[in-house]
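Visitor: Residue numbers (my numbering): 5 to 489.
C-beta: ideal position from N, C-alpha, C; glycine also.
Before I ask anything, here is the structure I am working with.
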Ligand code: NAP
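Here it is, written out as structure tokens:
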């Protein structure tokens with residue numbers, strides 16, 4: 005069994021209140037193979053009323069789910085981790101088909117994404133409040149932790165599994181119910197995940213999945229409903245701002261994992277072998293379609309030429325192709341719009357004076373492929389340095405001093421991931437303290453870890469996913485005052 009076979013025809017539908025069903029209108033959304041633009045299959049296209057029915061199911065399940073023993077919630081997550089791990093090859097193949105990434109990378113995402121279930125299966129039994137004596141004596145202060153309540157999760161197409169599990173895992177552990185709206189371009193992986201959670205015994209109504217082309221209407225309707233208590237969103241800053249604005253009436257709790265513009269700093273004392281290796285990971289993971297993707301390479305003038313040349317050699321040696329084929333390193337971008345956006349940013353940079361070391365164009369033919377590209381002499385103000393590229397393009401600019409590097413790195417509205425390569429410990433501390441980013445990778449091109457608090461600041465949003473912090477997003481605190489005399 006591989007790829008599409010993982011999902012029965014019944015499961016390419018809405019999952020509401022424990023039932024798989026078609027949209028009442030019969031409408032469908034086509035799922036496109038980004039490697040050739042053909043239609044892979046289709047999924048149900050829910051109406052806003054059906055989205056509200058999903059919230060009805062979540063709201064109806066909330067009280068019983070909140071009362072479920074923490075161990076039971078944890079063990080459901082643990083069984084889901086085991087089943088996802090057992091089916092990793094098939095889930096990865098399915099993900100590769102709809103999203104385009106090479107199967108090996110998709111397997112990496114299954115391993116990473118499923119770890120959120122294992123981590124939160126272990127955290128479910130560690131939710132606790134506190135008991136303390138009031139400073140003036142006389143009374144006792146207790147805190148009780150409670151699930152926030154029904155949640156809405158909206159996820160993007162770039163990590164179709166992991167962006168879901170890092171919300172669903174802590175929500176299940178905390179005792180919250182949920183409606184999940186996956187990206188319309190990659191709904192299949194989320195539907196496969198829902199089927200796994202159903203199979204391991206997640207009670208009816210705890211998780212509901214709604215695919216729709218009326219996304220704006222769905223979020224507006226659900227956020228207007230006072231039963232919805234929390235929204236967790238991963239996606240663009242523009243949509244994040246809309247959801248924050250829509251939360252005002254019902255004062256929903258929010259987690260916003262938004263865009264990034266990660267700087268990758270290489271100092272004169274860096275281990276260049278490690279820096280090139282790290283750059284390949286930070287740039288090429290997910291074909292550059294990651295919010296943590298290195299977007300701006302800031303390299304000390306004394307090592308910039310060598311770094312650019314070596315990165316160019318490595319990038320130029322990658323094999324482009326269909327993600328399911330052997331030996332492929334780089335898959336297609338998600339769609340034509342993405343391809344046009346990358347093409348335009350590179351062209352603008354070249355018009356601004358940048359020089360192409362490798363790549364610099366789309367290879368043509370079917371699918372949405374763009375060649376891995378390295379650009380040098382990129383003017384700092386070029387659009388490619390200020391916008392999220394979301395593609396396999398590494399623009400390199402140079403700096404002279406540490407102060408200049410920090411100032412330029414922070415000169416962005418975003419604040420998600422950043423990377424630094426240096427062997428100087430004191431400098432590492434200065435950088436970690438002065439870079440305005442939620443994450444700083446030191447001599448590593450990979451910051452994501454299910455046990456760490458992932459998240460950003462400024463226009464990259466707020467809230468943390470993963471780690472001990474991740475479950476806090478799904479818990480409320482009630483303080484109880486107890487006179488003791
Ligand atoms: P997007 O357009 O914001 O879409 C993300 C999700 O939002 C999709 O499910 C989309 O549904 C939905 N959506 C669109 N309009 C909406 C609306 N008005 N109300 C409610 N939901 C709406 O983002 P994208 O281009 O797919 O994803 C890439 C972005 O995600 C990048 O900026 C990237 O940096 C960011 N990202 C951030 C993180 C992080 O953790 N910080 C992780 C991964 C990605 P449809 O598919 O139906 O349009």
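What residue does the beta strand (DSSP E) around residue 46 start on, and which one ends it?
Guide: 43-48
Visitor: For residue 180 and residue 70, what's the separation of their Cα atoms in angstroms?
Guide: 7 Å
Visitor: Between 183, 222 and 378, which has its C-alpha nearest residue 66's C-alpha?
Guide: Per the Cα distances, 183.
Visitor: With 16 as the cutoff for other CB atoms within 10 Å, does residue 216 come out buried or exposed?
Guide: buried
Visitor: Under 7 Å from any heavy atom of the ligand NAP, does the C-beta of residue 243 make it?
Guide: yes
Visitor: Should the stretch 254-261 be called in touch with the stretch 274-284, which here means at least 3 C-beta pairs below 8 Å?
Guide: no
Visitor: Measuring only the C-alpha atoms, how far is residue 327 from residue 107?
Guide: Approximately 6 Å, taken between the alpha carbons.
Visitor: Taking the alpha carbon of residue 348 as the reference point, which residue from 323, 23 and 395 has its own alpha carbon closest?
Guide: 395
Visitor: So, are the CB atoms of residue 237 and residue 423 less than 8 Å apart?
Guide: no
Visitor: Closest by CA to residue 382, which one among 355, 371 and 368?
Guide: 355
Visitor: Given that a residue counts as buried once 16 or more other Cβ atoms are within 10 Å of its Cβ, and exposed if not, what is residue 234?
Guide: buried
Visitor: For residue 442, which residues of its own chain have a beta-carbon under 7 Å away from its beta-carbon, when the five flanking residues on both sides are left out?
Guide: 419, 420, 459, 460, 461 and 464
Visitor: Measuring only the C-alpha atoms, how far is residue 170 from residue 489?
Guide: Spanning the two alpha carbons is a distance of roughly 45 Å.
Visitor: Is the closest heavy atom of the ligand NAP to the C-beta of residue 261 under 7 Å?
Guide: yes
Visitor: Is residue 522 near the ligand NAP, with its Cβ less than 7 Å from a heavy atom?
Guide: Absent from the model: residue 522. The displayed extent of the chain is 5 to 489, so no value can be given.
Visitor: Cβ of residue 436 within 7 Å of any heavy atom in the ligand NAP?
Guide: Residue 436 has its Cβ no nearer than 7 Å to any heavy atom of the ligand NAP.
Visitor: Cα-Cα, which of 433, 363 and 389 is closest to residue 317?
Guide: 363
Visitor: Is any heavy atom of the ligand NAP found at a distance shorter than 7 Å from the C-beta of residue 167?
Guide: yes
Visitor: Output the distance between the C-alpha atoms of residue 82 and residue 193, rounded to the nearest integer angstrom.
Guide: 19 Å
Visitor: Can you give the beta carbon distance from residue 85 to residue 454, rounded, assuming they're within the 8 Å contact cut?
Guide: About 11 Å; that fails the 8 Å criterion.
Visitor: Which ranges would you report for the alpha helix (DSSP H) in the stretch 86-151 if only whole runs of at least 4 residues count?
Guide: 92-103 and 107-127
Visitor: How far does the beta strand (DSSP E) with residue 401 in it reach, from first residue to last?
Guide: 397-403
Visitor: Just how far apart, CA to CA, sit residue 366 and residue 46?
Guide: 28 Å
Visitor: On the criterion of 16 or more Cβ atoms from any shown chain inside 10 Å, does residue 484 qualify as buried, or is it exposed?
Guide: exposed
Visitor: Measuring CA to CA, which of 232, 302 and 79 is closest to residue 272?
Guide: For residue 272, the nearest C-alpha among the options comes from 302.
Visitor: Report buried or exposed for residue 314, applying the criterion of at least 16 other Cβ atoms within 10 angstroms of its Cβ.
Guide: buried
Visitor: Taking only heavy atoms of the ligand NAP into account, decide whether any of them is closer than 7 Å to the Cβ of residue 186.
Guide: Within the cutoff, so yes.
Visitor: Do residue 102 and residue 10 have their beta-carbon atoms positioned less than 8 Å apart in this structure?
Guide: no
Visitor: Flag this pair as touching only if the stretch 159-167 and the stretch 201-214 have three or more C-beta atom pairs under 8 Å; answer yes or no.
Guide: no
Visitor: Taking Cβ positions, are residue 212 and residue 20 nearer each other than 8 Å?
Guide: yes
Visitor: Residue 212: beta carbon under 7 Å from a heavy atom of the ligand NAP?
Guide: no
Visitor: Apart from the five residues on each side of it in sequence, which residues of its chain come closer than 8 Å, Cβ to Cβ, to residue 342?
Guide: 293, 372, 394 and 395
Visitor: Nearer than 7 Å: is that true of the beta carbon of residue 158 relative to any heavy atom of the ligand NAP?
Guide: yes
Visitor: Report back the beta-carbon spacing between residue 299 and residue 264 to the nearest angstrom; my notes put them in contact at under 8 Å.
Guide: 7 Å
Visitor: Are residue 290 and residue 105 close, meaning C-beta to C-beta below 8 Å?
Guide: yes
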